[in-house]
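This note's numbering puts the sequence shown at residues 1404 to 1958. Ideal Cβ positions, reconstructed from N, Cα and C, are used throughout, including at glycine.
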Amino acid sequence: MELRFYLGLLRRWVWLVILCMIVAGGSAYLWSSRAPNIYRATTILLISEGGATGRDAYTDLIASERLARTYVQRITNQLVLDETAQLLGLSREILHVPSIRIALIPDTQLIRLSVDDERPELAQALANTIPEVFIRLNERQQAARFASSKANLEAQLEITRQDIASTQEELNAARDTSPPTEERITRLEERLSQLRVTQASLLQSYEQVRLTEATSQNSVIVDVPAPLPSVPIAPQPLKMALLAGLAGAILGFAIAFLHEYLDDTVPVDSDIGHLLGTSVLAMIGRIGRADKRVLVVGKESYSADAEAYRMLNMNLRFLAIDEPVKCIVVTSPAPGDGKSLTASNLAITLASAGHRTILIDADLHRPTQHKIFETSSKEGLTTTLVDQTLPITHYLQPTHTDELRLLTSGPMPPNPSRLLASQRMREVLIALQQEADYVIVDSAPILAVSDTSVLSTLATGVILVLRAKKTKLEAARRAAEQLQSVQANLLGVVINDVPSGSADNYYYYYHSNETKRSVGPGAVDVARARSLFDGRRPAEQGTGWLSKLRRSVFR
């Protein structure tokens, strides 16, 4: 079910997904086409470690990885960049760290240094100069680690050599004296021996420092210098357009999903009847523009929506098996939901099936049935409620449909609710039910005025008309609860203005096959019928590739 939901969501919003994809991809293509070419020069560096440390292999491995990461961070420090700019005669502002990319090559001791720039010569120069500057700076820094120790040992060796030389001179002088002093000679020989031991120890320490310096020297060498780049790496208009188009499609689908998630109107593909505690009697397609009423049953008897009204008629007959449903009030939560059009087409459907039908326009606030049937409303329901001298049948007007008579609203009264709640209104409904098999009452929106609540208690059944993607779910719930609160018999809901490609697809499929087989060459053209639903003539549909694309996208 979730897969069907996402597929239905994509089908309804495919135009938005395509639009976002085209806008994002086209913008990325135009931007990348006008961007300057970028060249990349790459140098491969090799980390040369010192001699063995005497540690275990795992410790050496961890130390090597840390050393490599340390070099990656140090190659682009400020000292290296400043000296590089000085050598190349560049300003420090030209060198941007984002244009310099340094990365370790996995499972190796190699470092890849890349420089991106609009000038290939400058990219090559920077890629080769930065490692050279870093190598010299690294060597100086490592040499400075042992310079102080070596200088200290050299100073001590020099002092020891001077002491040895002076002691040797004193010893020679003591031996040349006559008579020689044995005690002084012995003391000088012992001191000379100690100084030579000290000198040997200092020499050994000095050599040890030099050996340590030689074995612990870690350096970086240039393994592969950067060649002069000849092919730009960017921009890539086609690749950027594809990636941006994909991102745009994802964004469009996300917007559509968010819109559906936040949409609180009556859905098309969900069980709205279950949410309201009743059943869906029929789903009617789009029947026309707001300023053009269309009687689809009378004008297009083979259309999909005419078939939907016949389905509504059949469902009403099933509901009347146990208890006859002769007087039906048609209402909606708010104005503009299509209740009047539903009431008129339902009445025509019942009359076309051979049932004696009377349609009453009881919407005394905004009557429309006289406009739909193109007749006069000078006399009607309000007249028969006020003037009882003439029989009720005197005010019934014939229509173009056999077995269907119309009782218009009549003059607009100042107090519609009082008239509809009167005992005379109950008598009128009872009398009209004796004159016909079905009485269809077009009432005012139930949430707008209180008239409908009164009429629903006088009728044997109520149909609640909802407009897909327009009627608020909360308004539909409140309307159903209000009907239940007055103990009205809510027969079910009718959803109209359903977009083509939703539930009415089944009707179109059935119609497009059955009518062609049964009716033959004289069958009503399905394309012409669907054009009437959209409020356009067939010629207005267009036959060009742009019109076909628009119809396929917005279907």
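Residue environment, A1617, which counts as buried when at least 16 other CB atoms sit within 10 Å
exposed
Please state whether the Cβ-Cβ distance between I1465 and I1514 is less than 9 Å.
no
Would R1472 be called buried (16 or more neighbouring beta carbons within 10 Å of its own) or exposed?
exposed
For A1834, which residues in the same chain have their Cβ closer than 6 Å to its Cβ, ignoring the five residues on either side in sequence?
So the list reads I1795, once near-sequence residues are dropped.
If you drop the 5 nearest sequence neighbours on each side, which residues of the same chain put their C-beta closer than 7 Å to that of T1570?
L1591, R1594, L1595 and L1598
So the candidates are F1660, P1509, L1448 and E1524; which of them puts its Cα closest to the Cα of F1408?
F1660
My output table needs one value for G1655: the three-state DSSP class, helix, strand or coil.
helix
Contact under 9 Å by Cβ, L1767 with D1854:
Yes, they are a contact pair.
Start and end of the beta strand (DSSP E) containing G1757?
Here G1757 belongs to no beta strand (DSSP E), and DSSP marks it neither H nor E.
Thinking C-alpha only, which one of V1426, T1874 and R1880 is nearest D1666?
T1874
Nearest CA to the CA of P1628: which residue from L1529, A1427, L1406 and P1819?
L1529
What do you get for G1655, buried or exposed, if any count of 16 or more other CB atoms within 10 angstroms of its CB means buried?
buried
Could you check what DSSP says for L1413 in three-state terms: helix, strand or coil?
helix
S1569: first and last residue of the uninterrupted alpha helix (DSSP H) it sits in:
P1523 to D1579
Classify K1774: buried if its beta carbon has 16 or more other beta carbons within 10 angstroms, exposed otherwise.
Using a 10 angstroms sphere on the CB of K1774, the tally of other CB atoms stays under 16, which defines it as exposed.
Please classify T1511 as buried or exposed, where buried requires at least 16 other C-beta atoms within 10 Å of its C-beta.
exposed
Touch test, the stretch 1515-1524 against the stretch 1437-1449, Cβ-Cβ under 8 Å, three pairs minimum
yes
Report all residues from its chain with a CB closer than 8 Å to the CB of W1948; omit the five preceding and five following residues, and keep chain order.
With a pLDDT of only 45 at W1948, under 50, the local geometry of the prediction cannot be trusted, and the value read off the model is given with reservation. Within its own chain, no residue has a Cβ closer than 8 Å to the Cβ of W1948 once the five positions on either side in sequence are excluded.
Go to D1900, then tell me how far its beta strand (DSSP E) extends in each direction, as first and last residue.
From DSSP, the beta strand (DSSP E) with D1900 extends over L1893 to V1901.
Please report how far the alpha carbon of E1486 lies from the alpha carbon of N1531, in whole angstroms.
13 Å
Output needed for N1908: all residues of its chain with C-beta closer than 7 Å, excluding positions within five of it in sequence on either side, in chain order.
Only weak support is given to the placement of N1908: the predicted model assigns it a pLDDT of 45, under 50, and the value that follows is read from those uncertain coordinates. If we look at N1908 and ignore the five residues flanking it on each side, it has no Cβ neighbours.
Counting C-beta neighbours from all protein chains within 10 Å, is the total for L1888 16 or more, i.e. buried, or is it exposed?
The sequence shown places Ser at residue 1888, rather than the Leu named in the question. Exposed, by the Cβ-count rule.
Can you list, in chain order, the residues of its chain whose CB lies under 6 Å from that of T1802, leaving out five sequence neighbours each side?
F1776 and L1809
Report all residues from its chain with a CB closer than 6 Å to the CB of A1637; omit the five preceding and five following residues, and keep chain order.
I1441
Can you tell me which of the three DSSP states P1632 falls into?
coil
Going by beta carbon distance, what residues of the same chain come within less than 8 Å of E1405, once the five residues before and after it are set aside?
none
Going by C-alpha distance, which of L1744, S1552 and V1831 is nearest E1610?
S1552
Where the beta strand (DSSP E) containing D1519 begins and where it ends:
Here the beta strand (DSSP E) through D1519 covers L1513 to D1520.
Distance, Cα to Cα, R1504 vs I1533?
Cα atoms of R1504 and I1533: separation of roughly 12 Å, rounded to the nearest angstrom.
Which of helix, strand or coil DSSP assigns to M1686
The answer is strand: DSSP assigns M1686 an E or B state.
Assumed close pair L1733, I1866 - CB separation to whole angstroms, cut-off 8 Å:
Before going on, a small fix: residue 1733 reads as Val here, not Leu. About 5 Å; that satisfies the 8 Å criterion.
When we look at the beta-carbon of R1539 and count the other beta-carbons within 10 Å, is it buried (16 or more) or exposed?
exposed
D1854 (DSSP reduced to helix, strand or coil):
helix
If you draw a straight line from the C-alpha of A1754 to the C-alpha of L1784, how long is it?
Distance between the alpha carbons of A1754 and L1784 is about 21 Å.
Would you list the one or two residues that DSSP bridges to P1801?
According to DSSP, which records beta bridges pairwise, P1801 is partnered with R1808.
Which of helix, strand or coil DSSP assigns to T1601:
helix
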